[in-house]
Structures are given as structure tokens and as C-alpha cells.
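Chains as they are written, first to last, in our numbering: chain P, 36 to 420; chain Y, 144 to 472; chain U, 1298 to 1617; chain F, 226 to 687. A short worksheet on the structure shown next.
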Amino acid sequence: MTLLEVNDLSIRYAIDDGSAVHASDRVSFSVDRGETYGLVGESGCGKTTLAKSLVHLLDDNGYIESGNVWFDGTLPQWADENGDAKQSVIDDPDKPVREDGKTDLAALTNKQIRDMRWRDIAIIPQSAMNALNPVYKVGDQIVEAILRHEPQTTKAEAHDRARDLLERVGIEPDRADDYAHQFSGGMKQRAVIAMAMACSPDLLIADEPTTALDVIIQDRILEELEKLQDEFGVSILVISHDISVMAEICDRMAVMYGGKVMESGRTEDIFGETANPYTLGLKNSFPTITSADQDLVSIPGTPPTLRDPDPGCRFRERCPFAIEECHAEHPPMYDVADAESTGRLREATDQRAHGSACYRIDELEQLRTDALNEDTWTEQRIESR
Amino acid sequence: MTRISGKYLAKRIVVSYLTLLVIMSLLFVLLRSMPGSFITSMISSGMTAEQIARIRETWGLNEPLWRQYLNFMINYQTGNFGRSPTYNTQVWDLMIRRMPRTLVLFGSTFIIGFIVGPLVGMYLGWWRGSRKDKSIFSTSLLLYSMPSFWISWLFIWVFNYELDLLPSAYMFTQFPEFQWTAFTVMRDVLYHIALPIMSLTFIGWVGSMLIMRPTMNQVTDEGYVFLARAKGLSERTVMVKHAARNALIPVATGAVVSLAFLIDGSVIVENVFNWPGMGQIIVSSVLNRDFPVAQATFFMLAVLVVVMRLLTDVIYTYLDPRIKFGEGE
Amino acid sequence: MATQQGDSGTDGGSVRRRWEPRIERLKRGWDRYTEHRIGVVGLVILVVFTLWSIIPGVFAPHSTEWIAYIGEPPIESRLTAEQVRSLPHPPAFGDPFFAPLGTNANGNGILSLLIYSAKNAMYIGLAAGLLSSLVGVPLGLISGFYGDTWIDEAIQRFVDIMYGLPFLPFLIVLVAIRGITTTNIIIGIAVTSWLNNCITVRGETLSLKERSYVESAKVAGASDTRIIFRHIMPNVLPISFVFLAQDAAGAVIAQASLAYLGLADFTANSWGIMLENIKSQGYIFDAWWWLLPPGLALMLMAASFYFIGFSMEDVTNPQR
Amino acid sequence: MDRAEDREPLVEIDGLRKLFDQSQGIIDTVLGREPQPVRAVDGVSLDIHKGDIVGIAGESGCGKTTLGKMLVKLHEPTEGAIRFDGNDITEMTREEEREFRKRVQMIFQDPFESLNPRMTVYDTIAEPLKINDMVGDYDARRDRVKQVLEDVGLGPAEVYLDAFPDELSGGERQRIAIARALVVDPDFIVCDEPVSMLDVSIRAGVLNLMKELQDEYDLTYLFISHDLSLIRYMCDRAGIMYLGNMVEQGPTDDIIDDPKHPYTEALFDAVPDVELGEERRRANATGEVPSPRNPPSGCRYHPRCAHIIPPDGWDGTQEAFRRAYQFKLKVRRGDLSAESAESADIADAEALVEHGLTLDIPEEYRSETEIESGGSKVDIARIDLPPAARETLVDAAGAVLDGDTEGALATLDEAITTPCESRRPEPQPAGTREVACHLYDEPGFEELDSSTAGIAPAAAED
């Protein structure tokens, strides 16, 4: 069952001089209920922007230019007793609710989306270590979230729930009366996760959930997320630059580069049957702890600025496999399995299947072999092309 | 529940006391370095050398300077501020009478300034860069640039001279026909204090606004502000409850600085409005070389600043739970 | 020690090459500065006042000695009683004389006085601001660089003591000690106004010296002086310019306040003295043309410094 | 097997200690406030041989950066000696220090902070030359800078010479930081997390560059990183630090493939891997790193250790002892108090013991009853706790419920003891490496970790 369906979402940041940063460009992906979906990419690839835009939390100069965000859930006032959208709302052409009861988050006003934040979609920000307000008790901050979305709850009940939530993530309930500075780094992270579960949301967006943490604590937090997913059945959208973390926790993922999805599909497919030059390059440059002798090869050049980019493939300037076509237009998502079996390019119709945005996946075997060769990635080769 | 330990407080009081001692020594030296002395005005040409010597002895000026200094420091420990040659009264009585009048003026401007300033600063910082921010900010800088006596004159001109609404001088009606009750006195004081307060606060709030605005702006980038939004709270709640509460912390530090600004302002305003407080006598005593009074007024104002610093620390611990004074971690 | 000799360039080309990036940077800074409208306004006001102080004769209709009805010195006739009674005279445009902002009680033209007084305010503002930066910045640098040592502690205690002294009365004492001259007023203002400067520079220095570029200079063997002058000071100076502007504004106001209290160099022309005169001669409510212009001029001068200071703060703010 | 052994060490570190005093004002000193120093580095010994890349790994706050900074004389050691090429660097003459500064350099973590924003690339790189009066005139200097720029892969150099750091990308900045370190042609470079702020796709380039330059410039590196896979990629030898101590050091591959110290083991278990397939084991460690201001006594790691050693005569399992010991720690930290018992609805002492015996560890290491209860209690009957110990625990829990935490602690301190908390383990040779853990002290404890403890005597001679 699809929980979230993002279609052709484009996000821009306006700049003073009139140009715009294309932080996310016609991005599509979908998240199923109960699954962990990953958005992986380097800094500035648009992954965080994308996540924030789902609940309209972009910076002041950012805006959604086009696209839809279909979410299986709706505003409290549009819902019937089961939480589904009322028929009258579905029929109302002025309300952005689809036949199947999904609501287009992108079309909601700021005031409307506020009612859905945290109740339906909770987001753990990148700097979760600073996400707790230093001047309020940790427990009170959880209570605040509960009371905001469930006004009928009494304060005492909310307090009990806050303590219970903390205990579930492994924090002594008494610590609810402590301030954030009395918590260690790992505990802060757990507290934020507990807070995120306060209103049992359907979707949890975790932006770099373990980046600032030490490795042993990171390990525990990853376990905590898995446990919560089992317990609450929540879907998790993880955003991270750390490929190994993503490989471990995600069911499916999308690899982003320069505001575009380069490759998407099941985690096994992405790492086992890699089908995009960028992902291939990324794999080459990532050290693993298990293999003793490996040669790391980095991708030459630097990421594009995304300021009014030209229509060509975003990766072509760093790509050793770029061809004439790549300069004309960014490739659409092609179905990988199809290309591999038939040797022909066919645009992917199913968002869930393994897809790759590259004109050359019809010669996939060749790409994979060449990508393993270090010489392929030297600067000279790419420039002499 | 305060997080200041007794030991820390004791330490701070010792430091403040030492600071005051140094300030007093500095004052002693500086005041004595001014040319002339108050006895010059008491000595008339017809006096004999003996008479002059007696006057000098009465005011303790025949002793060597280091002796005078010691006497001064020791007397101050016991609260003996000496006699004023120009006011011809015990300086201590003078202080006791004048200090409250200054504090009334001072306290009310301070409070109004510290409500208006941070409030405006909060809005401007939150909407930094907006058209509203730009126009209000530049206007407030214009206000901040006005000489306080000049703005007082303008107020007097409008509210007293043209409209005849408010009195332009003194703290009480000079020859009251009314019954002396607490209520009438209070009403009379309020009536007289209106213009001085208006003049002071018209400029005074800008100081705390200037501190609040940038900190408020920084706070908007904090993770907890983002999280508060993500929780679905309204912009207003996010701004007031989460952002402003944190941005207030540095404003507490700024309070001491703007206090100094306010003292200057009230010195001028007391002189303009003939307000019978400390600011009025501090200028005249310096100009008349009335050392006992000058020393005492400087001392009292220094005590005010030092006490405010201590208070700021206490306020700090209430504003910021992270701060714990005087305990090793 | 490393000398700059080798860098002064063996040929003109290398000098140009060395300076080009810096000029480019300045240009970018200027572009960002001009984004702020108040900064531009402040600059325009300041330019006007600067012109007034350099070439007042071009703008002023008369000299400061000009007297209504009589004209420029040498003065040969006296005013009639009726003429005296008409003083201070409201703005007049040719009939009976030309004085666009009227005259004061002595018959001097307000506009001319106003323009000739700009020099005094400008001088006091810039000199006091500069002087207090010259005290505050080095002390702040030293205090921050030797943070948590007795040097720092001593400087900070001294700052505490200075904060305990009320600014204006203290200034009065200082000026009284040394005699009321413009120079002494400037020194007095500088002595009392370096505190904020010192504290801010100290804080900035404390954070700058933890930067790893300072540490890598240390690893390379750089001396303390080199680190202070090459690595910390250039990064502190922009902020101290902001404070210079603010101190200048404060000085302009402080001087006017002193004048109001009767402590001004009455041989000079200044806006403060114009206001002191209207008070002592008792015309506050009778001569708006005399009351308003000097106050407005003071306000605009101080405001222009503030405007420039705060716009610069934005330009130098590394967060952007 | 260990090629470093037959060469002279370039850097010898012996018993190095660094305590950071909390800042103290004059007034504090007068009033006699007790300083409580941060024990950043607490007794580290290490040899670095010429031509090696030695890695230092550890979590934040373990003292690895402080160690690195002491090696380049950014911090003065509180105790111990550092010898560079045979000379003690804490006792150098001015002249010797000048020489030392040319031979030793450092590369810092954050490329956005390590370049002065108001200096051009040329000025930045040329600065060490100027300070040390190395290359004569402007032109010669400029040529040298250009050459180094090309060496670090920033060619043509002209493009970069007059640029300011804010015009460059993170990777370019870090290369410039490397160029600045190389320009004096040093022998030894301390690299403090040199790539942690860089994007993955850029990272490998910088690492490979560092490897290439090592050959070209004949360099020795100390490579500090929290990322163990980078340590594995870069380093010949590695040391693992925990709370200022070196817990294990030796050839990198040996340490990673067969960690001996329980902390090292946990550290490597915690690293996720892109390699798909078998499920990774999670790290078996409790709690978080304690404050270096007040570190645990004895072995710094013992409060978190999975292999904590029971006292002589303990006839229950090691796991039972670990739980009992955690109970004691919880009482000491105040996590178990009459108040907390109340809020958790704990009726009697037995229940409090059951709650206190739980371990905050990944689920795969938990007992069944622990999992069932969501980590809030264990069934006391199902762990092999000696009856005497069990009695002590219940007594102590009773005291806790009565509000007498002191009494409870006294009881526990007497009964639940471990050599790990009383004695500080000395680094012991174990196979190809040195390990500081009581498990390797005497053969008597071998059975606790039979798979690894057997090889201990092998390298004891050197």
C-alpha cells in the first residue's frame, strides 16, 4: 500500500539576482506503508530540501514550483471517523483530494499543512542534537506536541504518555523533567525520536539521523529506529549521505545528484545491480571496513551549482561515459530490468521498479566493467572526451 | 529554584565590593585633580589667614592628601558620607531623599524600555530584511540619534507650551491646594513624571531592541525552531515561545550596558525638567566642586550598576537552565 | 622575521597581481553594502556634511560674523532698538535681509551657523570614534588573545570598573580636570567609550584564535605578533569599523549634551552651542527656526554614522 | 610480519599525559576553588616509524586530536615525553624549534576553517616559507608555491594563486591545506580527520593524493579519524583510543580482523557496511562515553564492557556478574532511587533488582525476559546469579527503596567488585600488538575469551 507518492516535484530557491536554484527537479518516488525508504546523495544534491518541502518547511526563499505530493491521509476536518477522507471532500473539486482518498500536500495552504505536521508526518531535523529547546524540559516539549494535535487530552495524560515514550526509546522516564543539556548526545537523539512518535504519525522523516553521533551510539539509534518501525508500523523516509548506513536500514532508496534522482529501486538492486554511472562512481569511492585491499577511486570534478542549470544531464561533466545525447537533455528514468533483458531503453512506468536515469544502460555490462577500471575515472580522460 | 550557589554569590559580592573600592579610589583622585575647590567660594577677600585655616580645618582639608583619602575610605565603610558644604546638610540625608526620586524615574523608564525594546526587536528580528523591518529599524536609529535634551524640549513645547496638558518641571505641584493624601501625591507625581518618562523612553527602548534583533535573527536558524514548526505549532507560538524565549538571554547582558545609557539620559532629563534627583545634583556638585556630594552620588550610581550586574546573573539563571553559577560540573 | 620586502614586487606585474584579488573583493563588498538603502542614505548624508565642513563658504549664504540688517564685517553701524527687538528673526528671503533659516538673538544667520558648525561635529565624531577604537581594539585583541590569563583578567576587571562609572558625569569630571577645549572633550569621550569595543573585539578574538588557520600558522612557527597582525586583526577590523561608526555617533551626541550642561568650547561653532544659546537666552518656545535645525543636524549626523555602521555589520557578517 | 620493527622510530611517545585545567580566574584561585581538569590524554605510549601511516581511531572526546596537537607542539604535554628524531620536543632551543617547525606539519579537519578567509591561496601557502625564511625572493617563492599546487592536483596553478578560500570548493580547500603543509618539505604530517568534512565522491581523491605524496615527499603520517574504514584504507598500523587511553595498537589489518580489546570489538561491530548479505553483529556495549573530567577508575572502559571480569570466587556466569555490576553502577549514578521506583510502579526490593539488572544493549544480546518486558526487567531466577550476590542485591535494593542510597552503595561496593575497576590495565603485548586489558594480564582469564587470548606471549620479547 502506497503511503506517499511524490510526482514530478520541482523545488526552487529564489536568489536576489532573479535566478533560481533548482534544488529538486521533477523528482518522483513513492514510499509504501511500513517500509524504510532512503534518499541518498552528497551535500547539496537536494535531498534535505525535498524532505522539507513535503511538509512545507522550506526556507523563506524556497518554493514548490510544480508537482504533487500524494499522501494517504488528510486534514482532520476533512476526515471521517476512520481517518479517511470524506466522500464530500473527494468530490469537491476545490479540495486537493484524489479518488483514492490521497491528499496533495503540495496544494495545501501553510495553515492547513500545520494540522498534518507531526500528526501524520513527523520530521527529525538534521541537527537533531540542537533540536531540543534548551530552555524547556524535555518532557514538556513532547507534551507540547501531543496537546497541539490532540487538544482533548489532559495535561496529566500527555505527561504520562511522554514518559512512556521516553521509556520506549530506552530513557528513564524520570528524565522527562530534565533539560536537554543534561542529556548526552545519544539520549538527545532518542528523545527527539520519542517526540516524533508522540502522535503516532504514518510517516517519519529522518534527516541524517546519526550523522553527529559516535559509531556505537549510531548503532543503537539505528536499532531503535528499526524497533519503532516494528512497533508503530510507521514508514520511515531516511535522508543521508552515508551509504553504508543507508545500505543497512533501507528497503528501497533513491540516489540523488544535482536535484535529480539518478537511480532508484530496492537496496539490493542499487548495490548489487548498480545501473547508473554516478552510483558506480560512488561505490568506487567508498571504503568498506571488511575488505582489506581495495582501491578507492573518486569521481573527478565537483558537484554542479544548480543555479539555472542547462537542460543536459546533471552528471555529464563528471561522467566518463557521457555521450552527445547527455548534453541535450537530462535522461528520463529507464527501466533497468527491461534494458538488461531486451537491450532497449524503455521509460520506467513503475516507480517501484529498479530505474536509472542514463542513456547508456542498454550497454550496462560494459559500463560496469569500465567503471571498475581506475583509468576510466581520471580527469584527463573525461576532459579529452 | 535558583541555580546560584551561596559560595558563588559570596564570591560575586566580594568582587563587587572590591570593584567599588577601586571606583571610589579612582573618584577620589579624579575629583581632587580638578582645579579649584569648594572652599574657594567660601573664602571672601576680607578673611584673615586664621579664618581661612579654620574653614580648611572644618572641612578636613588641612590634612595631607593620603590622610584625607584614608578618612574618606574608612568613613564610607561606616556609611558616613560627610557634610555637604553647598547644601549644608548631611550628604547621607541628601542621598536618602534624592535616590528614591531618581529610582522612580529610572525604574519606570527601564521597565517600559525593556518591554518595548525586546518586543520590537523580536518582530524585527523574526522578519529581518522585510520592508517593515527596514523602515522601523531605520526610524528607531533616527530616534536613537536624537540628543535627549532636545527631544525633551520638543515634548515640553508640544505638551506644555502649546497644549498645556502636562507640567514641564518639578516632581510635585509647587503650591498644592489639595489635601495631602497618598492618592493625591501619587497622582501628582504621575502627572509630573509623564513628560520626563516620555522623553527618556522615546529613545531608551532602542538599546535593548538593537540587542534583541540580531539574536532573534540567529535563533531562527536553530534546530529547535525548525522542530517547533515541524510539530505544527503556529508561527506565533514558534516565535514567542521557542525563538524569543531563547533570544532574550543575551538581552539580559545588554541590560547593564543600556543602564549606563539610561543614567546619562536621566542626568540630562532631570536637568531639563528640574527633577530633584541624583542626576541634577551630580552635575552641579561637580561644577561647584562639592566633593562630598559628588563622591556620594557617583558612589550611589556605581552601586546601582554593580547591583544590577548581580541581578542580571540571577535573571540569567532563570532564563537559561544551562547556566549554573559557581559549581564545577 | 619575515619581511615584506620580497613581496613588494620585483616588477609592477606582480604588484598588480597581488592587489587585483583584493580590489575585486572590495568591489564585491561595496556591492553588498549598496544593497542596504540606509547605508547609502547614511553615506549621502555624511558626504553632505563632509562638504559642509570642508568648504562651508560654498554652501553658506553668509559668514558666521554676519549680522542681520548690517551684513558682513567689518561692522560699522549698530542695530536700532526696533531691529534688536525683532531678533531672533524668523526666516526671511530678501526682505529685510536674506536669511533662509532666520537669525538668532544676536542676528547671526542660523543657516550659516549650521553649515559652519558641521566641521566641529564631524571632527569630534571621527576623532573620538577613532581614538576609542585605538584604545578598545588593541585592548580587546590582547585580552582575547591572552584569554584566561592574568592579562585578560586584569583588562576585564578594569572594564568592569569603568562600567561602574556613569559615563556623562565622569566625562564632566574629566573635562573639568583638563579644561574645556574641543581636544579635551574628544579625549574624554574616547576614554569613556571604548568599553563595548573592547568587549566585542575580545569575544571575536577568543573565537578566532581557536580557528584552525591560526593553529596551522602556529604549527608553521608563526610568532604571536604575526598571528595577531596577520591572522586575527584583519578578521576583527570589520567589526571594529562598525563600532567606530557607533562610537562616532555617540560622541556627536555626547558633545551636544556637554554643551547643554554648559561644558563646551564656546570659541568654536557647534550645533550643541547653538542649542545651549537658545536655552540660555530663553527662546526655546519662540524660535522654532533656531530650535529645530541644530537638533535635526545632530540627529542626522549621528544617524548617518549609525546607518553606515549597521549596514557595514551586515556586509562583514560572515554568516552570509 | 611487522616491517616497522627493524627501523628506528621517527616519533617516540612515552607516557604522554595532557590535562586541561578548567579556566580559573584570580578570584577562584584566591578562594581556593578546586580545579577539575579534563584528562584528555592519559598515559599514551606509541612509536611512529619513518614511512609509516599510523592511524589513531576513537570516538569523539577520546583524546585523539589532543594527541595529534601535542605532536606538533600546539599543546604542551602535562607529563611524558615526545621524541622527534631522537630529540625531546618539549626541551628544544629556539634554533631546534625552528628546525622542528619545518619538519613537522598538520592538516586540520575543517577545510572551511583552516584557511584564513582574508588571505589568498598564494599568501596561505607561502606563509610557512616566509616564517621560516626558506625560499629567497618573491619569484622563487611563487614558483615553489606553484609547484606544490600542481603536486596536490590543482593545476594550472595560476588559476588558484590569487583566489580567496570562499571561491573554492571543499575539496580544493583541503588540497590547499595539504599544499601548505607540504610547501616546507616536511618529514612528518599529523592529519586530523582530513576528509571527514568532504563529500564521498571527493574524499577518495584526497586520500589517494595523500598516499601518492607520501612516496613523492618521503612522508610519515599520523592519520586521525573516527572512521574505521578510512583507517583501514590508509594506515599500516593503528591505535584505538578510549577516554585518553590507548587500548589497543598494532598492524591495522590484524586489529580489524581480530580485535582483542572488548572496546575495539564493539567499535568494529558498530560499523555498518555496504556489503550486502549476512546480518551484521551489533555492538555489545552499554551506555555512552563518560565525561573525561571524571573518568571511571581502573580500566576506563569497564562500565561499558561486555567482558568485565568477575572477582575470584564468583561462581555464577560472567553475564550474571555484568548485570550485577550494572546494577551497582545504576545505584551509583542515581538512576535507581526510591523516587524512580515509585514512578515505575515497583513494589518491592525484588522488583527493583529485576529492573536494575537489565542491560541497555542491543536486542540480540538481551535475555528473553528482558525482550518480553521491553527492556524493563529480567527474571532473576533465569540468570545464574550466586545466591550470596542475589541476597546482597536485594538488600541493597531494600536500602534504595528506604532512601538510603549511601548504605546501598556501601553494601554493593563490598560485594560486587571487579579487578577492572581497581587496577588500571597496562598495555600488554598480545600477538602482533599491544592491548591494555586485564583479560590479557594472566593466563587465568583466558577461558573467558578463549578464542583470542591464547596468542599472548608471542611478541613479548621486543
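Backbone N, C-alpha and C define an ideal beta-carbon position, used for all residues, glycine too.
The region 483-494 of chain F in contact with the region 313-330 of chain F per 3-pair CB rule at 8 angstroms = no
If we cut at 7 angstroms on Cβ distances, does residue 325 of chain P have a partner in chain F?
-> Taking 7 angstroms as the threshold, the shortest C-beta distance from residue 325 of chain P to chain F falls below it.
Outcome for residue 306 of chain Y when other beta-carbon atoms lying within 10 angstroms are tallied against a minimum of 16 = It is exposed - the Cβ of residue 306 of chain Y has fewer than 16 other Cβ atoms within 10 Å.
Does the beta carbon of residue 1338 of chain U come closer than 7 angstroms to any beta carbon on chain F?
-> no
Do the CB positions of residue 262 of chain F and residue 245 of chain F come within less than 7 angstroms of each other?
-> Result yes, Cβ atoms of residue 262 of chain F and residue 245 of chain F sit closer than 7 angstroms.
Mind pulling the alpha helix (DSSP H) runs of 4 or more residues that sit fully within the region 162-249 of chain P?
-> 173-184, 190-203 and 220-231
Please find out if some non-hydrogen atom of the ligand MN comes closer than 6 angstroms to the beta-carbon of residue 381 of chain F.
-> Among the ligands in the structure shown, none appear at all, so the ligand MN cannot be discussed.
Residue(s) in a DSSP beta bridge with residue 275 of chain P = P:75, per the DSSP bridge assignment.
Might you give, ordered along the chain, the residues of its own chain that have their beta carbon closer than 6 angstroms to the beta carbon of residue 659 of chain F, omitting 5 neighbours on each side?
-> 474 and 652
Under the rule that 16 or more other beta-carbon atoms within 10 Å means buried, what is residue 1606 of chain U, buried or exposed?
-> buried
Nearest-angstrom Cβ-Cβ length linking residue 49 of chain P and residue 96 of chain P, presumed shorter than 8 angstroms | Yes, they are in contact, since the Cβ atoms of residue 49 of chain P and residue 96 of chain P sit about 5 angstroms apart, within 8 angstroms.
Going by C-alpha distance, which of F:342, F:443, F:512 and F:354 is nearest residue 10 of chain P?
-> Outside the shown range of chain P, which is 36 to 420, sits residue 10 of chain P, and nothing can be said about it.
Should residue 1508 of chain U be flagged as near chain F, meaning a C-beta pair shorter than 7 angstroms?
-> yes
Using a C-beta cutoff of 7 angstroms, does residue 345 of chain F count as contacting chain A?
-> Of the protein chains in this structure, namely P, Y, U and F, none is chain A.
If you draw a straight line from the C-alpha of residue 230 of chain Y to the C-alpha of residue 180 of chain Y, how long is it?
-> Taking the straight line from one Cα to the other gives about 15 angstroms.
Based on the DSSP secondary-structure assignment, which residues constitute the bridge partners of residue 171 of chain Y?
-> According to DSSP, which records beta bridges pairwise, residue 171 of chain Y is partnered with nothing at all.
Name the residues in the region 390-406 of chain P whose C-beta lies less than 7 angstroms from a C-beta of chain F; which are they?
-> none
To the nearest angstrom, how far is it from the Cα of residue 605 of chain F to the Cα of residue 548 of chain F?
-> 10 angstroms
Quick one: list the residues of chain P neighbouring residue 496 of chain F, beta-carbon separation under 7 angstroms, in chain order.
-> 250 and 324
Following the continuous beta strand (DSSP E) through residue 407 of chain F, name the residue where it begins and the one where it ends.
-> Unbroken run through residue 407 of chain F is the alpha helix (DSSP H), 395-407; no beta strand (DSSP E).
So what does DSSP say about residue 454 of chain F, is it helix, strand or coil?
-> helix
Nearest-angstrom beta carbon gap, residue 296 of chain P and residue 226 of chain P [assumed within contact, 8 angstroms] = So it is not a contact: roughly 33 angstroms between Cβ atoms.
Helix, strand or coil for residue 295 of chain P, going by three-state DSSP, please let me know.
-> Here residue 295 of chain P sits in strand by DSSP.
Residue 1400 of chain U by DSSP, collapsed to three states: which one?
-> Strand at residue 1400 of chain U.
Do residue 1415 of chain U and residue 1346 of chain U have their C-beta atoms within less than 7 angstroms of each other?
-> yes
If you draw a straight line from the C-alpha of residue 274 of chain Y to the C-alpha of residue 1364 of chain U, how long is it?
-> Going from the Cα of residue 274 of chain Y to the Cα of residue 1364 of chain U covers about 47 angstroms.
Taking only beta-carbon atoms, is residue 1512 of chain U less than 7 angstroms away from chain F?
-> A Cβ of chain F is located within less than 7 angstroms of the beta carbon of residue 1512 of chain U.
To which residues of the same chain is residue 1586 of chain U closer than 7 angstroms at the C-beta, ignoring the five residues directly before and after it?
-> 1387, 1388, 1398, 1399 and 1407
Measure from the C-beta of residue 74 of chain P to each C-beta in chain F and report whether the shortest distance is under 7 angstroms.
-> Look at residue 74 of chain P: its C-beta is not under 7 angstroms from any C-beta on chain F.
Contact belief for residue 83 of chain P with residue 106 of chain P at Cβ below 8 angstroms, rounded distance in angstroms | Between residue 106 of chain P and residue 83 of chain P the Cβ distance is about 19 angstroms, and since that is not below 8 angstroms, they are no contact.
Is the beta carbon of residue 1542 of chain U less than 7 angstroms from the beta carbon of residue 1455 of chain U?
-> no
At a Cβ threshold of 7 angstroms, is residue 411 of chain Y touching chain U?
-> yes
Taking one C-beta from the region 385-394 of chain F and one from the region 1550-1558 of chain U each time, how about it: are there three or more such pairs within less than 8 angstroms?
-> no
Return helix, strand or coil for residue 370 of chain P, following the three-state DSSP convention.
-> Three-state DSSP puts residue 370 of chain P in a strand.
What is the residue span of the alpha helix (DSSP H) that residue 317 of chain Y lies within?
-> No alpha helix (DSSP H) holds residue 317 of chain Y; DSSP gives it neither H nor E.
Test item: CB-CB of residue 1619 of chain U and residue 418 of chain Y under 7 angstroms | Examination of residue 1619 of chain U is not possible in this model, given that chain U is present from 1298 through 1617 alone.
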